[in-house]
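Be aware that the sequence shown starts at 2, since it is given in the working numbering, and climbs by one per residue.
Idealized CB from N, CA, C, for every residue including glycine.
The structure displayed is predicted, hence computed values, not measured ones.
Only one structure is covered here, and it is reproduced in the block below.
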Amino acid sequence: MGTSRLGGVLAFVGDDPGSKSSSIPSGSEHTLRGLGVPILEPGNLQEVMELGLHGVAMSLLSGLWTAIRVTTPVADSVGTADVWPGQVAPVLPVVEWRGVPYIPKITPNVTGQFGIDTEEELLDARIRVARAYGSANDLNHVTVETPSDWIGLASRGTVYFEMRAALGALGLDDERLRRFGIRILHVRMPDPVDAEALRRFGRGLSEIVVVEEKRSFLETTIREALYRTADPPAIVGKYDERGDTLFPQYGTLDADRLAAAIAARLSRRIEASELRAPRRPRRLLPVASADRAAYLCSGCPHNVSLRVPEETLVGGGIGCHALGGRMDPAMFGDTAIKTHMGAEGAGWIGIEPFVEDRHFVQNIGDGTYFHSG
Ligand code: SF4
């Protein structure tokens, strides 16, 4: 339906690629692209400030929801950001649609033919405006370049800074990157992107290595932009030319992991003696096997409050009480149903007509009780 010219929406999208503090690993970029929401990807706190302001300006100009995708390394970090008046001075390109400069408006009715018209406006006008905004404000830029580069490294979000740290660990500062013909592309707005800017990045290169977490996103975009250009470079990322994994589609990528893979690519033209030996990737400590089940904290009142008469049916949800389902069933009952936050008790509605038990104990966490219990 779009956003108001005097309003705008910047959605903060949190992704935890390594499942560090969330129950499942996530990467929302494919979903956001599917929804037609332009994506901004800060790689540090400073970029959250800058890209956030761009996100608001882009939303106002295009009439789209825009999204700032914040991943765990940024969300969990502490640092200092520089802030000053006029820090971001958005360049506002004029994009014509149907012969006149596009001005966004909200489309309150998106059913039937109105929906087709809105779809056309979304794809032909709003997304084009967002793409033009990213291009006019140089949100994706080449940070290291010479006319005789042979290889290009492209990355986005926090992984860009991990990649730069990996290059640093290999002894490749900007001066040496130039000397060895290594071009660098820093992508801060991976969708929608200006294909011409990607083609400029790829011009004259023999190969492009796309360094990104999770499934291919930027890699596919670059490949699509360079397909059928004259003498295109080889493009690798998730897989190398032989189909072997280069950067895995799962988990996270840090500098230690990246350094060895990048060194292997660079060593095709750069003497190994010119590169510092990459450090061996850090390994997580193996999880110790334990016979003892997880338990509520010592002294927690739930050690008592969760106890039920023997053979009581119990429902679990989100909260420490879920541990009751792993503890002694003679004391904590048989946790028959576990559900998502806010649905505690709903399972009983479904099973009650089919079981002989007439009583059910539903546990619910304090937070859930507060907002949706
Ligand atoms: S509520 Fe959870 S975290 Fe708090 S004391 Fe009890 S078991 Fe520990």
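Beta-carbon gap between Asp174 and Arg132 smaller than 9 Å: no
Collapsed DSSP secondary structure at His322 in the structure displayed: helix
Spatial distance of Ser149 from Arg127 (CA atoms): 37 Å
Classification of Ser268 by the beta-carbon crowding that lies within 10 angstroms, buried from 16 upward: Exposed: under 16 other Cβ atoms inside 10 Å.
For Val75, the three-state DSSP class (helix, strand or coil): helix
Reduced DSSP category for Phe371 - H, G, I as helix; E, B as strand; rest coil: helix
Inter-residue spacing [alpha-carbon to alpha-carbon] between Gly374 and Ile365: Whole-angstrom Cα-Cα distance: 7 Å.
Classification of Tyr103 by the beta-carbon crowding that lies within 10 angstroms, buried from 16 upward: buried
For Glu163, the nearest candidate out of Cys321, Ile319 and Ala261 (CA to CA): Ranking Cys321, Ile319 and Ala261 by CA distance to the CA of Glu163 puts Ala261 first.
For Arg216 and Glu48, the rounded distance between their alpha carbons: 23 Å
beta-carbon Pro94 near the ligand SF4 non-hydrogen atom, thresh 8 Å: no
Pro102 beta carbon near the ligand SF4 (any heavy atom closer than 8 Å): no
Contact the stretch 218-234 vs the stretch 195-208: 3+ CB pairs below 8 Å: yes
Identity of the residue in Asp292, Leu11 and Ile40 nearest Phe218 by Cα: Ile40
Per-residue DSSP class, three states only, for Ala295: coil
Closer than 6 Å to the ligand SF4: residues, by C-beta to nearest heavy atom, in chain order: Leu297, Cys298, Cys301, His303 and Cys321
Host alpha helix (DSSP H) of Thr144 (start-end): Run containing Thr144: none in the alpha helix (DSSP H); it sits in the beta strand (DSSP E), Asn141 to Val145.
Val194, enclosing beta strand (DSSP E) - first and last residue: That residue, Val194, is in no beta strand (DSSP E); it is neither H nor E in DSSP.
Contact belief for Gly238 with Glu220 at Cβ below 8 Å, rounded distance in angstroms: The pair is a contact, with the Cβ atoms about 4 Å apart (cut-off 8 Å).
Among Gly316, Pro91 and Met59, the one whose alpha carbon lies nearest that of Ala347: Gly316
The alpha helix (DSSP H) enclosing Ser268, as first and last residue numbers: No alpha helix (DSSP H) contains Ser268, which DSSP labels as neither H nor E.
Expected contact under 8 Å - CB spacing of Gly351 and Thr369 to nearest Å: With a Cβ gap of about 19 Å, Gly351 and Thr369 do not count as contacting.
Three-way DSSP call (helix, strand, coil) for Phe162 in this model: helix
Neighbourhood of Met332 by C-beta, 6 Å cutoff - its chain only, sequence neighbours within 5 removed: Arg308
For Glu197 and Gly135, the rounded distance between their alpha carbons: 12 Å
One or two residues paired with Gly316 in a DSSP bridge: Ile338 and Gln363
Same chain, Cβ closer than 7 Å to Arg277, neighbours up to 5 away in sequence not counted: Ala170, Leu171 and Gly172
Residues sharing a beta bridge with His187, DSSP: His142 and Ser156
Whole-angstrom distance between Pro109 and Thr222, CA atom to CA atom: Our two residues, Thr222 and Pro109, have alpha carbons roughly 32 Å apart in a direct line.
Val10, enclosing beta strand (DSSP E) - first and last residue: Val10 to Asp16
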